[in-house]
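S.K.:
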Amino acid sequence: MDEILLIAEQQMEDTVVAWQEHIKTIRTGRASATMLDKVMVNYYGTPTPVNQTAQISTPEPQLLVIKPWDKTLIQEVVAAINKSDLNLNPVSDAEVVRINIPALTEEIRKDLVKKMNKELENFKVRIRNIRRDSIDTAKKDKSISEDVVKGIEIDIQKLTDSSIKQLDEISKVKEKELMAI
Numbered sequence: 001m002d003e004i005l006l007i008a009e010q011q012m013e014d015t016v017v018a019w020q021e022h023i024k025t026i027r028t029g030r031a032s033a034t035m036l037d038k039v040m041v042n043y044y045g046t047p048t049p050v051n052q053t054a055q056i057s058t059p060e061p062q063l064l065v066i067k068p069w070d071k072t073l074i075q076e077v078v079a080a081i082n083k084s085d086l087n088l089n090p091v092s093d094a095e096v097v098r099i100n101i102p103a104l105t106e107e108i109r110k111d112l113v114k115k116m117n118k119e120l121e122n123f124k125v126r127i128r129n130i131r132r133d134s135i136d137t138a139k140k141d142k143s144i145s146e147d148v149v150k151g152i153e154i155d156i157q158k159l160t161d162s163s164i165k166q167l168d169e170i171s172k173v174k175e176k177e178l179m180a181i
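Sequential numbering from 1 applies to the sequence shown in the UniProt record's numbering.
1. Let me check understanding here. Comparing Cα to Cα, which of G45, I152, Y43 and V41 lies closest to L5?
2. Taking the DSSP output, what are the residues bridged to S57?
3. Since I believe L104 is in contact with R27 (beta carbons under 8 angstroms), could you give me their beta-carbon distance rounded to a whole number of angstroms?
4. Could you please give the first and the last residue of the uninterrupted alpha helix (DSSP H) stretch that includes M116?
5. Could you tell me the distance, in whole angstroms, from the CA atom of E13 to the CA atom of R126?
6. Three-state secondary structure (DSSP) at T28?
7. For R131, is the classification buried or exposed, using 16 other Cβ atoms within 10 angstroms of its Cβ as the cut-off for buried?
8. What are the boundary residues of the beta strand (DSSP E) that includes N42?
9. Report the CB separation of L63 from I101 in whole angstroms; it is logged as a contact under 8 angstroms.
10. Cutting at 7 angstroms between CB atoms, please list the residues of its own chain near Q11, excluding the five before and the five after it.
11. Rounded to the nearest angstrom, what separates K176 and P68 at their Cα positions?
12. Buried or exposed for E76, going by 16 or more other Cβ atoms inside 10 Å?
13. Within the same chain, show all residues whose beta-carbon is closer than 7 angstroms to that of P61, passing over the 5 residues directly before and after it, in chain order.
Below is the structure:
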């Protein structure tokens with residue numbers, strides 16, 4: 001019984017952490033090294049995150065500077081950023097790649113919030129699927145009485161509500177960040 005709850009709790013916590021990591025990659029109009037976390041560069045034939053092949057810094061609020069450890073990667077980094085859905089325009093020279101982060105228009109901000117909320121719904125579905133699977137596991141276990149299963153259902157629902165509330169709170173903070181001028 002406790003094992004079912006612990007597994008459900010861990011899976012829900014992992015989902016909340018995954019959401020926190022995911023929304024770090026959403027553009028806010030300010031330069032942030034985490035914006036490039038999902039950008040993959042072809043590093044000797046292997047897709048590798050840019051942040052594992054280069055030093056990424058933000059010398060100014062609107063500027064990202066990427067300094068690959070291997071100078072032959074500069075064009076690969078530029079190509080990977082151009083292919084990404086970040087709508088960024090990288091400029092390279094012999095040593096580094098610079099990206100000026102343009103201010104987000106109101107329309108782009110609203111579009112990003114809409115996209116974020118759609119992705120948020122997918123994470124909520126993950127939480128609900130964990131709830132469903134955990135309850136199904138409890139019901140299938142013949143060694144657990146119906147009364148105990150009901151208690152497990154109540155506890156798992158509390159975990160579900162708490163996890164979804166965390167997702168919503170994280171999203172509200174990010175939405176405020178996105179809508180701030």
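We put the beta carbon where it would ideally sit given N, CA and C, even for glycine. Computed from a prediction, not measured in an experiment: that's the story for all the values here.
M.R.: In brief:
1. I152
2. V65
3. 7 angstroms
4. E106 to K140
5. 11 angstroms
6. coil
7. buried
8. M40 to Y43
9. 7 angstroms
10. I130
11. 33 angstroms
12. buried
13. R30 and A31
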